[in-house]
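Worksheet for the structure shown next.
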Amino acid sequence: MAGAQAIPLADPAKVKLEYDRLLPEIAKMPIFDDHGHPGYADDPDVDAMALPPGASAALRTRDDNPELIVAAKALFDFPYDDLNPEHAAWLAAKKKLPRTAGPEYFDGILDKLGVREAAANRVAMPGYLDPKRFRWVPFVDSFLFPFDNSAMRARNPDEEVYIPMQEKKLKREMQAAGMTALPSTLAQYVDFVTNTVEREKAAGAIAIKFEAAYFRSLRFGDPAEAEAQRVYDKYRFGGVPSTREYTVFQDYVFRRLIELAGRLKLAVHIHTAAGIGDFSNIAWANVLNLENVLRDPRYEATKFVLLHGGYPYEKEAIWLAARKNVYVDSSLMQLLLYPAAFSRVLEQWLEVYPEKIVFGSDCFPYNEALGAEESDWLAVTSGREALAAALARMVVRREVSEARALEMAKAYLWGTAVTLYGE
Ligand SMILES: [Zn+2]
Numbered sequence: 070m071a072g073a074q075a076i077p078l079a080d081p082a083k084v085k086l087e088y089d090r091l092l093p094e095i096a097k098m099p100i101f102d103d104h105g106h107p108g109y110a111d112d113p114d115v116d117a118m119a120l121p122p123g124a125s126a127a128l129r130t131r132d133d134n135p136e137l138i139v140a141a142k143a144l145f146d147f148p149y150d151d152l153n154p155e156h157a158a159w160l161a162a163k164k165k166l167p168r169t170a171g172p173e174y175f176d177g178i179l180d181k182l183g184v185r186e187a188a189a190n191r192v193a194m195p196g197y198l199d200p201k202r203f204r205w206v207p208f209v210d211s212f213l214f215p216f217d218n219s220a221m222r223a224r225n226p227d228e229e230v231y232i233p234m235q236e237k238k239l240k241r242e243m244q245a246a247g248m249t250a251l252p253s254t255l256a257q258y259v260d261f262v263t264n265t266v267e268r269e270k271a272a273g274a275i276a277i278k279f280e281a282a283y284f285r286s287l288r289f290g291d292p293a294e295a296e297a298q299r300v301y302d303k304y305r306f307g308g309v310p311s312t313r314e315y316t317v318f319q320d321y322v323f324r325r326l327i328e329l330a331g332r333l334k335l336a337v338h339i340h341t342a343a344g345i346g347d348f349s350n351i352a353w354a355n356v357l358n359l360e361n362v363l364r365d366p367r368y369e370a371t372k373f374v375l376l377h378g379g380y381p382y383e384k385e386a387i388w389l390a391a392r393k394n395v396y397v398d399s400s401l402m403q404l405l406l407y408p409a410a411f412s413r414v415l416e417q418w419l420e421v422y423p424e425k426i427v428f429g430s431d432c433f434p435y436n437e438a439l440g441a442e443e444s445d446w447l448a449v450t451s452g453r454e455a456l457a458a459a460l461a462r463m464v465v466r467r468e469v470s471e472a473r474a475l476e477m478a479k480a481y482l483w484g485t486a487v488t489l490y491g492e
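Letter 423 of the sequence shown, counting from 1, is numbered 492 in my numbering, and no numbers are missing.
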């Protein structure tokens, strides 16, 4: 079969047979989870983002998704078929570990899922996550908000939730640096940012994460230092910057951060997808806004990871991975899309740049009963199934041999991430 011309149609019976051959092999492969929010529901450092009140949720991401009960059965032998208050309490009790608990609990969850290592995109790392298995990805957006943000906050109810979280985080970072006010020059502010990120790297960080699309367009300009300095000088002591002025400052700091990441060998994770909250702007998050940065040879030393595959612009996202320092991560998509739809996405990606895509879960705690554990189970299980389905079709249509398909699976689940984060 190898070397034969590819055919356009696949016999469904043959695809099913091939799927049954591939899935058990794929189920045994270790995973590097490129993006997630592991931790307990009541841990405020689990994410730098919170669900705005009244926000809608896509069908599969709702907490009444019956698949989550299947997850609870698989992970905890949950003996019930619904989550009425009494049954939810049973499940929540499984997760009420003493605050002094060690890393065994979450290590055990990873072991059950076949996840060898996982990126933990969190504000800070807790004692209950094993640093050998959970690799820290801190957020850096707070550095983009040092001025009076009241105009931005008033824009819509989502920003009312998000902006104060950024302000609180920046305050915490300034306190850690022994600062009570903004430094007198922009250069000193950039030094503070640099020192903070260097400390995070020393504490084990493997990447920095931007969720900038929740606040502004991902189209970053390239202002001169003097222009950003003027905005800094004007608003350091107060006053509300115009959107244009704030954008100039943020563009400048963003560019310094991606250069810094290149120097420190930290990858740059960027949220590129429809976000949570009904006011999140899909045009701002469109991955093509980043094209001027991703294809800029000045940033060749920086490895970029497009989180959530640009969804719903995942077709566009994969073409950006042409650049050798750009990778596409599938986190969130395994939770948002059902396996049939996700397998079609993977099929397309595997047919373009199979060596540039990485698995991610975007696991997160739903509530006290349904945790990051169940969401991780769903992402991993769906991800493996979708991968087997995509590759089975490709094998039967003679696009790749079975051996090559299994190599592609290993790369997506583990090998490519090792290259990406290795020295
Ligand atoms: Zn996330």
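Glycine included, C-beta positions come from ideal geometry on N, C-alpha and C.
- Annotation: residue 171 to residue 304 spans about 45 angstroms, alpha carbon to alpha carbon.
- Shown here for residue 463: same chain residues with a beta carbon closer than 6 angstroms to its own, the five before and five after excluded, namely 469 in chain order.
- Sorted by position in the chain, 104, 106, 190, 431 make up the residues whose C-beta lies under 6 angstroms from a heavy atom of ligand 1.
- Here the C-alpha atom of residue 197 lies approximately 17 angstroms from the C-alpha atom of residue 184.
- The Cβ atoms of residue 206 and residue 377 do not sit closer than 7 angstroms to each other.
- Leaving aside the five residues that flank residue 292 on each side, the residues in its chain whose CB is nearer than 6 angstroms to its CB run, in chain order, 317, 320, 321.
- The beta carbon of residue 251 sits closer than 7 angstroms to the beta carbons of 215, 258, 305 from its chain, once the five residues preceding and following it are set aside; these are given in chain order.
- Contact holds between the stretch 103 to 114 and the stretch 175 to 193, because three or more Cβ pairs, one in each stretch, are under 8 angstroms apart.
- C-alpha of residue 466 to C-alpha of residue 79: approximately 5 angstroms in a straight line.
- For the pair residue 284 and residue 148, the Cα-to-Cα distance works out to about 43 angstroms.
- Under the three-state reduction of DSSP output, residue 264 falls in the helix class.
- For residue 187, the secondary structure class from DSSP, reduced to helix, strand or coil, is strand.
- In the three-state reduction of the DSSP assignment, residue 347 falls in the coil class.
- Annotation: residue 178 to residue 141 spans about 12 angstroms, alpha carbon to alpha carbon.
- A contact between stretches requires three or more CB pairs, one per stretch, nearer than 8 angstroms, and the stretch 408 to 427 fails this requirement with the stretch 147 to 163.
- 7 angstroms or more divides the Cβ of residue 451 from the Cβ of residue 428.
- Rounded to whole angstroms, the separation of the alpha carbons of residue 129 and residue 431 is 14 angstroms.
- Beta-bridge partners assigned by DSSP to residue 376: 340.
- CA-to-CA, the gap between residue 325 and residue 84 works out to about 49 angstroms.
- Taking 7 angstroms as the cut-off, the beta carbon of residue 433 is found no closer than this to the beta carbon of residue 104.
- By alpha-carbon distance to residue 381, the top candidate from 410, 210, 99 is 410.
- In the three-state scheme derived from DSSP, where H, G and I count as helix and E and B as strand, residue 102 is classed as strand.
- Counting along the chain, residue 320 sits inside the alpha helix (DSSP H) bounded by residues 312 to 333.
- Within the model, the alpha-carbon separation for residue 100 versus residue 233 is close to 35 angstroms.
- The three-state secondary structure of residue 204, taken from DSSP, is strand.
- Within its own chain, the residues whose Cβ lies closer than 6 angstroms to the Cβ of residue 265, once the five positions on either side in sequence are excluded, are 242, listed in chain order.
- Our two residues, residue 453 and residue 386, have alpha carbons roughly 21 angstroms apart in a direct line.
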